[in-house]
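Scroll down for the structure; my scribbles are underneath it.
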Amino acid sequence: MSQTLQAVRGMNDILPDDAETWEYFEDIVCDWLQSYGYRPIRMPIVEPTPLFKRAIGEVTDIVEKEMYSFEDALNGEHLTLRPEGTASCVRAAIQHNLVASGGPQRLYYYGPMFRHERPQKGRYRQFHQIGVEALGFAGPDADAELILMCARLWEDLGLDDVALEINSLGAPEERARHRAALIAYLEQYQDRLDDDGKRRLYTNPLRILDTKNPDLQQIVEAAPRLADYLGDESKAHFEAVQIFLKDAGIPFRINHRLVRGLDYYNRTVFEWVTTRLGAQGTICAGGRYDGLVEQLGGKPQPAAGFAIGIERLLLLWQASGGEAERPVADAYVVHMGDAAARLAFRAAEALREHGFAAILHCGGGSFKSQMKKADASGAPVAIVIGEDEAGAGEVGLKPLRGPGAQQRVALDALPEAMAGLLYGNDEEEGIE
Ligand code: ATP
Ligand code: MG
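Counting from 1, one number per residue, gives the positions in the sequence shown under this note's numbering.
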């Protein structure tokens, strides 16, 4: 016997029970995004590899060790399964002249991302993000709006235990001065740094600050702080963001070691974290990235955004008691005999034409076993068609839940009778 094939490690099937939860959640998310004026954009899942190297930075976890990159066997192009969406979104905006021709853009996307990491709870090789990008907005108001809208989503979802951490990464020159001080400081502890730390000391020392290695905590705690190197403009921007947050009543903590994993950020950076998901506690991360558009070849444009990890958010939502409403059909159509089977098709289509969801029983079986399936489907009404009904061109309606008597009507009268059963006879709504 040949071996059964399995999904790639760290890439999950989302089976119907879970997929329904995802769709329910996606509806909430779309409403939420629209309520802030964000518009959808969809980019390809595969992009040229240089896009990510340029956008994310060569000395980052993602580019160094997490990308699924390959050479197209047919034409030798270097391609990568996207590890995140900001680079693609900005690439698309530049390519199609979105900001230049349409003014500032509020955009969002939703979809799978790919990173070759060690799979564990809340960390997968294919995972999903909602990305939100505000392109062409320079002020602290945009940063604050991004953070506020996250808070609103947590509230809509009834999440407990999500805390906001913010920091400012300042401007590139300020970061350069801080970087020199940081290298000088870390050089004193060179022997105690781990391999990543040693490697990054001169290439990306800022990243050493967000190390998860417990042995290095003391060293990084006492390291020079970026905040002490910020110029007046950066400081004013960061303070303005904080005022908006205070006005909105959103508590936050300034985390001086919050530097984010990607190179492209400047000024405001933020993370929403929970203690409920173990080491995978960050459910949302983002910030300002004013240099990225130019870095990718566009006319300079300020921008800011964030990404939410859907799997982590759903884990937290379920841990907070969140539950999806499951879709159920309005009717389950059971039938017995050849003439009845043909009428059943017409009955089911008549219902759908009038906006009702109907499951047509397929595969035969006794009335009793069909009725069991009707019950299990959760549908409130069974449409019953036996030889008798089929001969008369009629159908039976049997309420499966709640009150209401069984009735028999002509096929033409079925949608109206359905509406009567579901919404009450004196209401017109429901029937289209
Ligand atoms: P982490 O420090 O947990 O690796 P990150 O800084 O690499 O996160 P970002 O690139 O900022 O993550 O991505 C934004 C969000 O996407 C994260 O906060 C997280 O919720 C989610 N995320 C990132 N990587 C994964 C993954 N491998 N599996 C599931 N979710 C992920
Ligand atoms: Mg990561």
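Where is the CB? At the ideal position from N, CA and C, for every residue including glycine.
Assigned exposure category for residue i - 16 Cβ within 10 Å defines buried
{"i": "threonine 4", "result": "exposed"}
{"i": "arginine 342", "result": "exposed"}
{"i": "tyrosine 38", "result": "buried"}
{"i": "histidine 237", "result": "buried"}
{"i": "glutamine 298", "result": "Looking at the sequence shown, residue 298 is not glutamine but glycine. Per the 10 Å Cβ criterion, buried."}
{"i": "lysine 121", "result": "exposed"}
{"i": "serine 88", "result": "buried"}
{"i": "glutamine 301", "result": "buried"}
{"i": "proline 16", "result": "exposed"}
{"i": "aspartate 232", "result": "exposed"}
{"i": "aspartate 13", "result": "exposed"}
{"i": "asparagine 167", "result": "buried"}
{"i": "aspartate 18", "result": "exposed"}
{"i": "histidine 78", "result": "exposed"}
{"i": "glutamine 370", "result": "buried"}
DSSP bridge partner residues for residue i (one or two, in chain order)
{"i": "arginine 123", "result": "Gln120"}
{"i": "threonine 268", "result": "Ser168"}
{"i": "glutamate 133", "result": "Leu107 and Gly305"}
{"i": "isoleucine 359", "result": "Tyr332"}
{"i": "arginine 42", "result": "According to DSSP, arginine 42 bridges with nothing at all."}
{"i": "glutamine 407", "result": "Leu397"}
Nonlocal neighbours in the same chain, by C-beta distance under 6 Å from residue i, ignoring five residues either side
{"i": "isoleucine 310", "result": "His128"}
{"i": "serine 2", "result": "none"}
{"i": "leucine 153", "result": "Trp32"}
{"i": "glutamate 427", "result": "Because glutamate 427 carries a pLDDT of 48, less than 50, the predicted location of this residue cannot be relied on, and no value is offered for it."}
{"i": "alanine 433", "result": "Lying before the first or after the last residue shown, residue 433 is absent from the chain, which here runs from 1 to 432."}
{"i": "proline 112", "result": "Gln126 and His128"}
{"i": "isoleucine 208", "result": "Gly197 and Arg200"}
{"i": "arginine 177", "result": "Tyr229"}
{"i": "tyrosine 189", "result": "Ile219"}
{"i": "proline 224", "result": "Ala181, Leu182 and Tyr185"}
Close beta carbons around residue i, own chain, < 8 Å, minus the five adjacent residues each side
{"i": "glutamate 389", "result": "Ala340, Leu343, Val395, Gly396 and Arg408"}
{"i": "alanine 138", "result": "Asp290 and Pro302"}
{"i": "valine 381", "result": "Asp330, Ala331, Tyr332, Leu397, Lys398, Pro399, Leu400, Met418, Leu421 and Leu422"}
{"i": "isoleucine 62", "result": "Phe52, Ile56, Pro83, Glu84, Arg115, Gly261 and Leu262"}
{"i": "aspartate 215", "result": "Arg192 and Asp194"}
Assigned secondary structure, residue i (DSSP; H/G/I helix, E/B strand, else coil)
{"i": "lysine 212", "result": "coil"}
{"i": "valine 328", "result": "coil"}
{"i": "serine 69", "result": "strand"}
{"i": "methionine 113", "result": "strand"}
{"i": "glutamate 174", "result": "helix"}
{"i": "leucine 314", "result": "helix"}
{"i": "histidine 128", "result": "strand"}
{"i": "lysine 53", "result": "helix"}
{"i": "leucine 433", "result": "Residue numbering for the chain in the displayed model covers 1 to 432; residue 433 lies beyond these limits and cannot be assessed."}
{"i": "cysteine 284", "result": "strand"}
{"i": "alanine 419", "result": "helix"}
{"i": "glycine 102", "result": "helix"}
{"i": "glutamate 20", "result": "helix"}
{"i": "leucine 193", "result": "coil"}
{"i": "glutamine 188", "result": "coil"}
{"i": "valine 8", "result": "coil"}
{"i": "glutamate 323", "result": "coil"}
{"i": "histidine 354", "result": "coil"}
{"i": "proline 140", "result": "helix"}
{"i": "leucine 201", "result": "coil"}
{"i": "histidine 237", "result": "helix"}
{"i": "glutamine 3", "result": "coil"}
{"i": "glycine 430", "result": "Model confidence at glycine 430 stands at a pLDDT of 47, short of 50, so the residue's coordinates are unreliable; what they give is reported in the following sentence. Of the three classes helix, strand and coil, the one that applies to glycine 430 here is coil, per DSSP."}
{"i": "valine 162", "result": "coil"}
{"i": "valine 381", "result": "strand"}
Nonlocal neighbours in the same chain, by C-beta distance under 7 Å from residue i, ignoring five residues either side
{"i": "histidine 96", "result": "none"}
{"i": "arginine 346", "result": "Leu411"}
{"i": "tyrosine 68", "result": "Thr80, Leu81, Phe114 and His116"}
{"i": "tyrosine 24", "result": "Ala324 and Glu325"}
{"i": "glutamine 105", "result": "Ala93, Leu98, Val99, Leu135 and Gly136"}
{"i": "alanine 379", "result": "Val328, Ala329, Asp330, Ala331, Tyr332, Ile359 and Leu400"}
{"i": "cysteine 30", "result": "none"}
{"i": "arginine 257", "result": "Leu209, Asp210 and Val220"}
Closest by C-alpha distance to residue i, when choosing among the options
{"i": "proline 119", "options": "Val8, Leu74, Ala138 and Gly363", "result": "Val8"}
{"i": "arginine 123", "options": "Gln280, Ala348, Lys372 and Cys362", "result": "Gln280"}
{"i": "tyrosine 110", "options": "Ser168, Arg54 and Asp27", "result": "Asp27"}
{"i": "arginine 200", "options": "Cys150, Glu387 and Leu182", "result": "Leu182"}
{"i": "leucine 148", "options": "Leu245, Ala392 and Asp375", "result": "Leu245"}
{"i": "glutamine 318", "options": "Arg179, Leu157 and Glu66", "result": "Leu157"}
{"i": "glycine 278", "options": "Leu169, Ala151, Arg267 and Arg312", "result": "Arg312"}
{"i": "tyrosine 202", "options": "Cys362, Arg179 and Val220", "result": "Arg179"}
{"i": "glycine 386", "options": "Ala348, Arg352, Gly424 and Met336", "result": "Met336"}
{"i": "leucine 42", "options": "Gly10, Asp72, Ala184 and Ile130", "result": "Note on identity: in this sequence residue 42 is arginine, with leucine being the wrong assignment. Measuring from the Cα of arginine 42, the nearest candidate turns out to be Ile130."}
Neighbour flag for residue i against chain B, beta carbons, 8 Å
{"i": "proline 140", "result": "Of the chains in the structure shown, none is chain B; there is only one protein chain."}
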